[in-house]
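Residue numbers (our numbering): 175 to 418.
A short worksheet on the structure shown next.
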């Protein structure tokens, strides 16, 4: 039975984003799969979801452009009606020792990870209906930066700070907003790391493995559910205990 709820998943064509879409489709959410350039992957995700009886549509959007973000939400409402959930999952990796980085590299990270997420959650705050759910996919590196991750960590930590403030601003409409902080996850942005680095992060977890997209998607599904109605302004570590 459909719950007649609609969710926008930015970065929905990516590794973690596509798994979030699949999880939510299984519990009858209508899915708006956002993509920036990879139309083929987005269309493939939509085909899989609709092929199993789900409702989904792919929408292209440059998340650093205010008008395009407004258009993304317009498209979702035009297709499915009111929006009850937004998952801000789009992001890129990058960085290195800060002394060796460039302003262009930092601005690129900020444009996607910070400005794009800001415009997404700002529009969500304006358009999502009462009792809605907003989830930001952050990173454990926002809390515990490591050598060479300063630029990336900063780009995620900025939104985590906004979330705490927004939780108080949105509470009178019974809207929750939380962030999920994955650890090293494959496939995902960590997939291109060398084997030595992967093994280092495997050993940080008591489970001695890297995270998988479905590890993250299950937590997102929970945060979008009615059972998570009493959680807001929180940053959930989803890293297999690696940061304990």
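Cβ coordinates follow ideal geometry from the N, Cα and C atoms, glycine included.
Values in this document were obtained by computation on a predicted structure and should not be read as measured data.
With distances taken from CA atoms, which of the options is nearest residue i?
i, options, result
"residue 243", "205, 213, 217, 184", "184"
"residue 210", "236, 294, 225", "236"
"residue 275", "310, 288, 321", "321"
"residue 228", "179, 400, 393, 273", "179"
"residue 313", "302, 352, 400", "352"
"residue 376", "300, 199, 358", "358"
"residue 234", "224, 247, 371", "247"
"residue 419", "265, 214, 335, 407", "Outside the displayed range of the chain (175 to 418) lies residue 419, so it cannot be described from this structure."
"residue 226", "215, 199, 347", "199"
"residue 388", "360, 378, 403", "360"
Taking Cβ to Cβ, would you say residue i is nearer than 9 Å to residue j?
i, j, result
"residue 263", "residue 230", "no"
"residue 307", "residue 258", "yes"
"residue 325", "residue 270", "yes"
"residue 260", "residue 394", "no"
"residue 188", "residue 212", "yes"
"residue 309", "residue 238", "no"
Which of helix, strand or coil does DSSP assign to residue i?
i, result
"residue 227", "coil"
"residue 198", "helix"
"residue 390", "helix"
"residue 355", "strand"
"residue 176", "Residue placement at residue 176 is flagged as unreliable, the pLDDT there being 44, under the threshold of 50; the coordinate-derived value follows with that caveat. The answer is coil: DSSP assigns residue 176 none of H, G, I, E or B."
"residue 350", "strand"
"residue 306", "coil"
"residue 411", "strand"
"residue 221", "helix"
"residue 184", "strand"
"residue 204", "strand"
"residue 324", "helix"
"residue 259", "strand"
"residue 266", "coil"
"residue 331", "helix"
Would you please state the rounded distance, in angstroms, between the beta carbons of residue i and residue j? I believe it to be under 8 Å.
i, j, result
"residue 207", "residue 398", "The Cβ separation is near 15 Å, so there is no contact."
"residue 392", "residue 348", "Incorrect: roughly 24 Å between the Cβ atoms, too far for contact."
Inset, instruction - Evaluate contact between the segment 383-396 and the segment 322-338, counting only Cβ atoms and requiring at least three cross-stretch pairs below 8 Å. - result: no
Legend entry - Touch test, the segment 235-253 against the segment 219-226, Cβ-Cβ under 8 Å, three pairs minimum: no
Legend entry - Three CB pairs or more closer than 8 Å across the segment 192-212 and the segment 404-415: no
Legend entry - the segment 336-352 / the segment 295-303 touching (three or more Cβ pairs under 8 Å): yes
Inset, instruction - Mind the definition here: the segment 249-258 touches the segment 272-283 only if three or more C-beta pairs lie below 8 Å; say whether that holds. - result: no
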